[in-house]
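Asks:
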Amino acid sequence: MTNSLKSKKGIKSNRLWLFGLFLFAVLLLFLLNIMLGSVRIPFKEVWGVLMAREGVRESWEYIVRNSRLPRVLTAALAGIALSASGLQMQTMFRNPLADPFILGINSGASLGVALTILGTGFVGGLFLPAANSGGEFTLALAASAGAGAVLALILLVGRWVKNPTTLLILGLMFGHATSAIVSILIYFSAPERIHAYSIWSFGSYSGVNWTQLKVMAIVILAGLALLLLLPKGLNALLLGEDYARTMGLNVGLLRFVILLSASVLSGAVTAFCGPIGFIGVAVPHLARNIFKTSNHKILIPAIVVIGAAVSMAASLIAQLPGSQLMLPINVVTSLFGAPFVVWVLLKRKRGAASFNV
Amino acid sequence: MPPVLQTSALKIGYKNGSRTPKIIADSLDLELRVGELVCLIGPNGVGKSTLLRTVTGLQPKLGGEILLSGKSLEAYAPRDLASQVSVVLTSPISVGAMRVDELTAMGRFPFTGLFDRMSAHDWDVVRQTLEVVGVDKLQHRYVHTLSDGERQKVMIARALAQEPRLMVLDEPTAYLDLPGRVVVMNLLHDLACGHEKAVLTSTHDLDLALRHADRIWLMDEAGQILQGAPEDLVLNGSFAQIFNRAGVHFDPHSGTFDTQSGGLKPIFLEGQGLALIWTRKALHRAGYKVEEAWTPGCKRVRVEDQGGAYLWHAELDGLSETFPNIHALLQRLSA
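Heads up: the protein sequence lines correspond to chains A and B, in order. Just so you know, we're using our numbering here: the first sequence kicks off at 1 and counts up by one. Just so you know, we're using our numbering here: the second sequence kicks off at 1 and counts up by one.
1. Does DSSP put B/His140 in a helix, a strand or coil?
2. Could you tell me the alpha carbon to alpha carbon distance between A/Phe127 and A/Leu265, rounded to whole angstroms?
3. By DSSP, does A/Ser133 sit in helix, in strand, or in coil?
4. Would you give the residue range spanned by the beta strand (DSSP E) that B/Met219 belongs to?
5. When the Cα atoms are used, what is the spatial distance from B/Arg141 to A/Arg15?
6. Do we get a CB-CB distance below 7 Å when we pair A/Lys214 with the residues of chain B?
7. From A/Ala131 to A/Gly322, what distance separates their C-alpha atoms?
8. Beta-carbon of A/Lys292 versus every beta-carbon of chain B: anything under 7 Å?
9. I need the straight-line Cα distance from A/Lys214 to A/Asn66, nearest angstrom please.
10. If you scan the stretch 227-304 of chain A from start to end, which runs of the alpha helix (DSSP H) of 4 or more residues do you find wholly inside it?
11. Using alpha carbons as the reference points, say which of A/Phe291, A/Pro164, A/Thr74 and A/Pro301 lies closest to A/Phe256.
12. Below 8 Å on C-beta distance, what does A/Lys12 contact in chain E?
13. Report the option in B/Gln331, B/Leu169, B/Ile267 and B/Ile326 whose CA atom is closest to the CA atom of B/Ile41.
14. Suppose the cutoff is 6 Å on Cβ atoms and the five residues either side in sequence are ignored; what does the same chain contact list for B/Tyr243 look like?
15. Hey, does A/Asn295 have any beta-carbon neighbour from chain B nearer than 7 Å?
16. Can you give me the start and stop residues for the beta strand (DSSP E) that B/Trp294 sits inside?
17. Grab me the residues of B/Asn44's own chain with a C-beta within less than 7 Å of its C-beta, minus the 5 sequence neighbours each way, in chain order.
18. Per DSSP, which one or two residues make a beta bridge with B/Tyr310?
19. Output needed for A/Gly252: all residues of its chain with C-beta closer than 7 Å, excluding positions within five of it in sequence on either side, in chain order.
20. For A/Lys292, count neighbouring C-beta atoms within 10 Å of its own C-beta (all shown protein chains included) and say buried if the count is 16 or more, exposed if not.
21. Could you spell out where the alpha helix (DSSP H) holding B/His121 opens and where it closes?
22. When Cβ atoms are compared, which residues of the stretch 221-252 of chain A fall closer than 8 Å to chain B?
23. Let me know the secondary structure DSSP gives B/Phe323 once reduced to three states.
24. Let me know if A/Thr246 comes out buried or exposed under the rule of 16 or more other beta-carbons within 10 Å of its beta-carbon.
25. If you draw a straight line from the alpha carbon of B/Arg215 to that of B/Gln241, how long is it in whole angstroms?
26. Does any CB atom of chain B fall closer than 7 Å to the CB of A/Arg288?
27. Checking 7 Å against the spacing of the C-beta atoms, do B/Ser8 and B/Asp29 come in under that value?
28. With distances taken Cα to Cα, identify the nearest neighbour of A/Ser198 among A/Leu259, A/Ser206 and A/Val113.
29. Once the 5 residues before and after A/Ala84 are set aside, which same chain residues still bring their CB inside 8 Å of it?
30. Along the chain, where does the alpha helix (DSSP H) containing A/Arg71 start, and where does it finish?
31. With a threshold of 8 Å, are at least 3 pairs of Cβ atoms found where one atom belongs to the stretch 120-135 of chain B and the other to the stretch 50-70 of chain B?
32. Assess contact between the stretch 192-208 of chain A and the stretch 327-344 of chain A, defined as three or more Cβ pairs (one per stretch) separated by less than 8 Å. Is contact present?
33. Please report how far the alpha carbon of B/Glu74 lies from the alpha carbon of B/Leu62, in whole angstroms.
34. Using the Cα positions of B/Leu10 and B/Asp148, report the straight-line distance between them to the nearest angstrom.
35. On a Cα-Cα basis, can you pick out the residue from B/His204, B/Asp177, B/Met219 and B/Leu210 that is closest to B/His189?
36. Quick one: Cα of A/Phe368 to Cα of A/Ala271, how far?
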């Protein structure tokens, strides 16, 4: 008995330690994201701006306030939202490959944006400049409308399609259909418009201004608030819907809230930053593997810190500190993230088993 | 006290959209009381799982009535139903990185709130449950590192932690080796008579069902269910009737199934004890019909017990031969 108690306590303190480590990483990455970029700003000056002190060089203050601070906050929020959404999808569909976009949220957003940018003639000229600047509200609105339409469709279909796998395949088919329409639009569009669309589809944290950030933050916090009601239900779903039902849970309601939360979270990110891949599928796996648990009471705080850290690291690398160049976020997450996850996976002996959802 | 489970004129099956529903069984009048282990047996595909899913509320009935502790199943709120009935389903769960105690603690879900705060009492129940099922030594192991038998016991522990009056299990022994099956059936019997539960389990292990069940529900292909003590069902020929199909024969003497009911070639066997029983089995397999009395001209085998070692004396086609083991005897017979 003493032995087992000891090991239980050991696991707990180990987790706290890990949690602290990631929290520290988040703070460090936050500062690095603000200090590094095309121009290097010393820590002292950054601190000055953050504490609203007098006497900081004006250009630096401008960069920190209007470019780097919104960008790093966007990165953190997007990372958390995508990870949270991916976790819910993986658990609900009991599929380790599920990601936030499995039900076609990003397809809907892509279609909205494609229609806006590529939709030629009657609206095209009006929106092209907006698209080039990387995302004024127009694109966000178009993407939100697309994502929202898919969300409504999912919730509607989810009412009478009881089988999760069927829902999954429907989402997949819907994705194919929308990308076909996008392909048609691209096929008949002028090169500069296609370029503008590609830029959006690469994903970026840089185009989000304070006003947009506020909207995005509110929507994401709402999605996360819903998620905080769900750990018990998600844990029950690990055993399957039948077990969840026989343990007294209202599976229909549970499924509705999960779909709502996951779609709102991923929709908000896609609307403002474009479709950002990889984070949503990888972070839940990292969290399960690092914290060695499937228990959502631990996983949810874990993906918050890990998701923020991973996303901020990607944002930092995308800036290519010291150069004037910038990489698309999707390139960074996939190129740097994939080998990292492979490494974590192979490093653990029982990796394969513990990666079961 | 009303029975834990009572059905009257229950009709089960699948609703098929707007088309006519597929009825699997009709007018089922069943009853299950605390302290009973009931085994539901029947050939594959007769609807055992459908019946179990219907009485646990996982699937709507098509007609009739299901009463749980005297109250209609549909009248229960999901949470109250969960504290009456718990289940162990056929398909193994595939969950990684979850400890045995965490999985068992899920059985307390009907009693914890939205945020699943476990009280000291809840943890006490989990601890006792782990002990009763005999998996307390495994409580900090991860579920995916357990053997099939251990995992099935943990699933039973989870179901037991729900403190139900009725436990329903769908083929809990399906993936287990023989010792594992015996352990699980012993456990279920113990839960029923020692811990005030009513236990309903489907199984294909007839031997075990005959040995452990207080009653058997025998389901046939027409969806009829015959109920009774296992021994009664053997004596009135119900077993033979339902399971005697092409090439399979239920032997009421041994309570087992033979793939062959012995062959046509007559042979006379004498001797006693264990060696006689196993020699008879071997001769059956080799296609012989073991005669009760010797008739002139018939082959003849005598088993001699030499105090722990045996010899087989055979008179075959007028020649006397002695064999050191059954294998040699069979080889000579088939030559």
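No residue lacks a Cβ here, since even glycine has one placed at the ideal position from N, Cα and C.
Replies: Walking through what the data contain:
1. Coil, per DSSP.
2. With a pLDDT of only 46 at A/Phe127, under the threshold of 50, the placement of this residue in the model should not be trusted, and no figure is reported.
3. Low confidence applies to A/Ser133: its pLDDT is 45, below 50, so where it sits in the model is not reliable enough to give any reading.
4. Segment Arg215 to Met219, the beta strand (DSSP E) holding B/Met219.
5. 17 Å
6. no
7. With a pLDDT of only 44 at A/Ala131, under the threshold of 50, the placement of this residue in the model should not be trusted; the figure read from the coordinates follows. For A/Ala131 and A/Gly322, the distance between alpha carbons rounds to 27 Å.
8. yes
9. A direct Cα-Cα distance of roughly 13 Å separates A/Lys214 from A/Asn66.
10. 231-237, 241-246, 251-273 and 279-291
11. A/Pro164
12. The structure shown has no chain E; the protein chains it does contain are A and B.
13. B/Leu169
14. One point to set straight first is that residue 243 of chain B is Phe, not Tyr, in the sequence displayed. Contacts found: Phe250.
15. Yes, its Cβ sits closer than 7 Å to a Cβ of chain B.
16. Note, B/Trp294: premise wrong, no beta strand (DSSP E); not H, not E.
17. Correct list: empty, nothing qualifies.
18. B/Asp305
19. none
20. buried
21. Ala120 to Val133
22. Legend: CB atoms of the stretch 221-252 of chain A lying less than 8 Å from CB atoms of chain B belong to residues Leu229, Pro231, Lys232, Asn235, Ala236, Leu238, Leu239, Gly240, Asp242, Tyr243, Arg245, Thr246, Met247, Gly248, Leu249 and Asn250.
23. strand
24. buried
25. In a straight line, the C-alpha of B/Arg215 is about 18 Å away from that of B/Gln241.
26. yes
27. yes
28. Comparing Cα-Cα distances from A/Ser198 to each of A/Leu259, A/Ser206 and A/Val113, the minimum goes to A/Val113.
29. Gly223, Leu224, Leu227, Ser261, Ala262, Leu265, Ile300, Ile303, Val304 and Gly307
30. Leu69 to Phe93
31. no
32. A contact exists between the stretch 192-208 of chain A and the stretch 327-344 of chain A.
33. Distance between the alpha carbons of B/Glu74 and B/Leu62 is about 13 Å.
34. 35 Å
35. The candidate whose alpha carbon is nearest that of B/His189 is B/Leu210.
36. In the structure as shown, chain A starts at 1 and stops at 357, and residue 368 of chain A therefore has no counterpart that could be examined.
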